[in-house]
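Step one of this worksheet: look at the structure below.
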Amino acid sequence: MLWVGEKGKDADGEACSSFLCRNGLLRGTTYYLKGAIPELGQGHDDGVLTTDGEDPELFRTTKIEDVDTNPSQPNQVVMANQDTDGVYKFTFDFAFDEATGDFDFKKTAWSVQEMNGDASFGIDSPDNADWTAATPEHPHGLIFINEDNYSGEMWVMEADGSNKVRIGGTSVGAESSGIFDISNLVG
Numbered sequence: 002m003l004w005v006g007e008k009g010k011d012a013d014g015e016a017c018s019s020f021l022c023r024n025g026l027l028r029g030t031t032y033y034l035k036g037a038i039p040e041l042g043q044g045h046d047d048g049v050l051t052t053d054g055e056d057p058e059l060f061r062t063t064k065i066e067d068v069d070t071n072p073s074q075p076n077q078v079v080m081a082n083q084d085t086d087g088v089y090k091f092t093f094d095f096a097f098d099e100a101t102g103d104f105d106f107k108k109t110a111w112s113v114q115e116m117n118g119d120a121s122f123g124i125d126s127p128d129n130a131d132w133t134a135a136t137p138e139h140p141h142g143l144i145f146i147n148e149d150n151y152s153g154e155m156w157v158m159e160a161d162g163s164n165k166v167r168i169g170g171t172s173v174g175a176e177s178s179g180i181f182d183i184s185n186l187v188g
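Taking the working numbering, I'd label the letters of the sequence shown as residues 2 to 188.
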């Protein structure tokens, strides 16, 4: 689902200035992703948005573990999904009405790319995800994933899913509690 709020309006459409109003959390519209999640090794799929929450073709999965936004390109999101053992990159192509500037969900599209390939090799039971900011060496940032299984392996990959490298694992045979990019704090 995607929530698009109207800043400065309460649930009745009246002007207000509370924290929730200023941030568009009291009035808005819920949009649903219509499309399919690609099977492992099957590449990508494309989708659209709908306001029909009962549409049988909605993007559905039951075990989304974590998501993170690309800090260098906020229309991209990485998702770790234990339901499919997959790591997925979403790219949203948001459209706005040229005359009014209003969000145009009928012209907005999205795509999803499966990033970890064959689950028999590499990332298994992806849990936490973090997408780092771009650097000169990694102009699209890096994606870090840790597993929720007996090994608690931690992985890093390029933003396109290539160059996956296991960088660690937990010594207690369980998952770590999360991933945080603190690069800017430590130089």
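Built from N, CA and C at the ideal position, the CB exists for glycine as well.
Computed from a predicted model, the values in this text were never measured in an experiment.
request  = Return the bridge partner residues of P127 from the DSSP annotation.
outcome  = For P127, which the question treats as bridged, DSSP gives the partners E148.
query = Contact between the segment 97-113 and the segment 27-36: three or more CB pairs below 8 Å?
reply = yes
request  = May I have the straight-line CA-CA distance separating F60 from D105, to the nearest angstrom?
outcome  = 20 Å
Distance CB(W132)-CB(P75) smaller than 8 Å = Taking 8 Å as the Cβ cut-off, W132 and P75 do not qualify as a contacting pair.
inquiry  = Taking the alpha-carbon of D47 as reference, which of V187, D94, N117, T136 has the nearest alpha-carbon?
reply    = D94
ask   = With DSSP run on the structure shown, which of helix, strand or coil describes S184?
value = In this structure, S184 counts as helix in the three-state DSSP scheme.
query = Candidates A134, V49, N147, C22: which alpha carbon is nearest L186's?
reply = In terms of CA proximity to L186, A134 leads the group A134, V49, N147, C22.
Nearest-angstrom Cα separation, counted from G153 out to K165 = 16 Å
ask   = Which ranges would you report for the beta strand (DSSP E) in the segment 60-143 if only whole runs of at least 3 residues count?
value = 65-70, 77-82, 87-94, 110-115, 127-132
key: Residue(s) in a DSSP beta bridge with A160   = The secondary-structure analysis by DSSP pairs A160 with nothing; it has no beta-bridge partner.
message = To the nearest angstrom, how far is the alpha carbon of W156 from that of F181?
response = Annotation: W156 to F181 spans about 13 Å, alpha carbon to alpha carbon.
key: Rounded separation between I183 and I65 - CA only   = 24 Å
key: Rounded straight-line distance, which links the Cα of P127 to that of F20   = 34 Å
query = If you follow the alpha helix (DSSP H) that L21 is part of, which residue opens it and which one closes it?
reply = From DSSP, the alpha helix (DSSP H) with L21 extends over 20-23.
inquiry  = Using the three-state DSSP reduction, which class does T30 fall into: helix, strand or coil?
reply    = strand
query = Straight-line CA distance for H141 to D84?
reply = 27 Å
message = Starting from I38, trace the beta strand (DSSP E) in both directions and tell me its first and last residue.
response = It is not in any beta strand (DSSP E) - I38 carries neither H nor E in the DSSP assignment.
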